[in-house]
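Undergrad: One structure coming up, written as structure tokens, with questions to follow.
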Amino acid sequence: MRSLILIFVFATGLSPAFSQSDHDRREILTILKRQETDWNRGDIASFMVGYWESDSLSFTGAKGITYGYKPVYDNYLKRYPDKAAMGQLRFEVKRLFFLSPDSAQMIGKYHLTRPDIGDAEGYFTLIWRKLNGKWVITSDHTSG
Numbered sequence: 345m346r347s348l349i350l351i352f353v354f355a356t357g358l359s360p361a362f363s364q365s366d367h368d369r370r371e372i373l374t375i376l377k378r379q380e381t382d383w384n385r386g387d388i389a390s391f392m393v394g395y396w397e398s399d400s401l402s403f404t405g406a407k408g409i410t411y412g413y414k415p416v417y418d419n420y421l422k423r424y425p426d427k428a429a430m431g432q433l434r435f436e437v438k439r440l441f442f443l444s445p446d447s448a449q450m451i452g453k454y455h456l457t458r459p460d461i462g463d464a465e466g467y468f469t470l471i472w473r474k475l476n477g478k479w480v481i482t483s484d485h486t487s488g
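Here it is, written out as structure tokens:
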């Protein structure tokens with residue numbers, strides 16, 4: 345009897361956490377897929393909706409760390425001035441795990457197919473936070 349009670353308490357205590365994580369996981373993956381689609385349409389402004397619109401956003405790349413939504417956005421515009429430079433983006437999520445109910449870490453790979461100027465690929469680590477009920481990227485470390 346005691347074992348049955350423990351199993352019941354354990355199972356019911358964890359089920360809301362699992363369903364919350366599944367829901368949040370789907371939300372994050374949907375945002376990433378939307379970013380991929382926006383990028384492939386040549387729409388950097390819509391791609392940036394996935395990022396935290398804050399001066400505290402950080403992006404770490406080959407040229408160092410950039411802080412702030414606007415500077416990160418401007419760097420994207422400078423580095424990818426047209427659709428040929430942007431190419432076609434494909435994300436491959438290697439790992440997504442939750443650090444807390446409102447934060448997650450994603451590790452993945454990206455591939456840009458760019459027939460005119462050469463393909464590019466690399467890896468990324470994203471820190472996601474749920475702020476005001478919405479998942480956003482608060483830190484991006486991309487290499488490649």
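Quick note: the sequence shown uses the working numbering, first residue 345, plus one each step. Yeah, the Cβ is synthetic: ideal placement off N, Cα and C, and Gly gets one too. This structure is a prediction, so every number in the text was calculated from the model and none was measured.
Buried or exposed: which applies to residue 441, given that a residue is buried once 16 or more other Cβ atoms fall within 10 Å of its Cβ?
TA: Position 97 of the sequence shown, counted from the first residue, corresponds to residue 441. Result: exposed.
Undergrad: Does the separation of the CB atoms of residue 386 and residue 427 fall below 7 Å?
TA: Working through the sequence shown from its first residue, we reach residue 386 at position 42. Working through the sequence shown from its first residue, we reach residue 427 at position 83. For residue 386 and residue 427, yes; Cβs fall inside 7 Å.
Undergrad: On the CB-based measure, 16 or more other CB atoms within 10 Å of its CB, does residue 353 come out buried or exposed?
TA: In the sequence shown, the residue the question calls residue 353 occupies position 9. The pLDDT assigned to residue 353 is 38, lower than 50, so where the model puts this residue is not dependable, and the model offers no usable value.
Undergrad: Is the number of C-beta pairs between the segment 479-487 and the segment 391-411 that are closer than 8 Å three or more?
TA: Result yes; three or more Cβ-Cβ pairs closer than 8 Å.
Undergrad: From residue 487 to residue 478, what does the alpha carbon distance come to, in whole angstroms?
TA: For this step, residue 487 is matched to residue 143 along the sequence shown. For this step, residue 478 is matched to residue 134 along the sequence shown. Near 26 Å, if we compare the C-alpha coordinates of residue 478 and residue 487.
Undergrad: To the nearest angstrom, how far is the alpha carbon of residue 395 from that of residue 463?
TA: The residue you call residue 395 lines up with position 51 of the sequence shown. The residue you call residue 463 lines up with position 119 of the sequence shown. Between residue 395 and residue 463, the C-alpha separation is close to 24 Å.
Undergrad: Which parts of the segment 422-453 are runs of the beta strand (DSSP E), unbroken and 3 residues or longer, counting only runs that do not cross its ends?
TA: 432-444
Undergrad: Kindly indicate which three-state DSSP category residue 398 falls into: helix, strand or coil?
TA: Along the sequence shown, one-based indexing puts residue 398 at 54. In this structure, residue 398 counts as coil in the three-state DSSP scheme.
Undergrad: Taking the straight line between their C-alpha atoms, what separation do you get for residue 460 and residue 453?
TA: On the sequence shown, position 116 is the one that residue 460 refers to. On the sequence shown, position 109 is the one that residue 453 refers to. In a straight line, the C-alpha of residue 460 is about 22 Å away from that of residue 453.
Undergrad: To the nearest whole angstrom, what separates the beta carbons of residue 456 and residue 465, a pair I think is in contact under 8 Å?
TA: Along the sequence shown, read from residue 1 onward, the residue named residue 456 stands at position 112. Along the sequence shown, read from residue 1 onward, the residue named residue 465 stands at position 121. The C-beta distance from residue 456 to residue 465 rounds to 7 Å, short enough to meet the 8 Å contact threshold.
Undergrad: Around the C-beta of residue 409, are 16 or more other C-beta atoms found within 10 angstroms, so that it is buried, or is it exposed?
TA: Here residue 409 refers to the residue found at position 65 of the sequence shown. When all chains shown are included, residue 409 counts as exposed.
Undergrad: How would you call residue 406, buried or exposed, if buried means at least 16 neighbouring beta carbons within 10 angstroms?
TA: Counted from its first residue, the sequence shown places residue 406 at position 62. Burial call: exposed.
Undergrad: Count the other CB atoms within 10 Å of the CB of residue 448; is the residue buried (16 or more) or exposed (fewer)?
TA: The residue labelled residue 448 in the question sits at position 104 within the sequence shown. The residue is buried, with at least 16 neighbouring Cβ atoms inside 10 Å.
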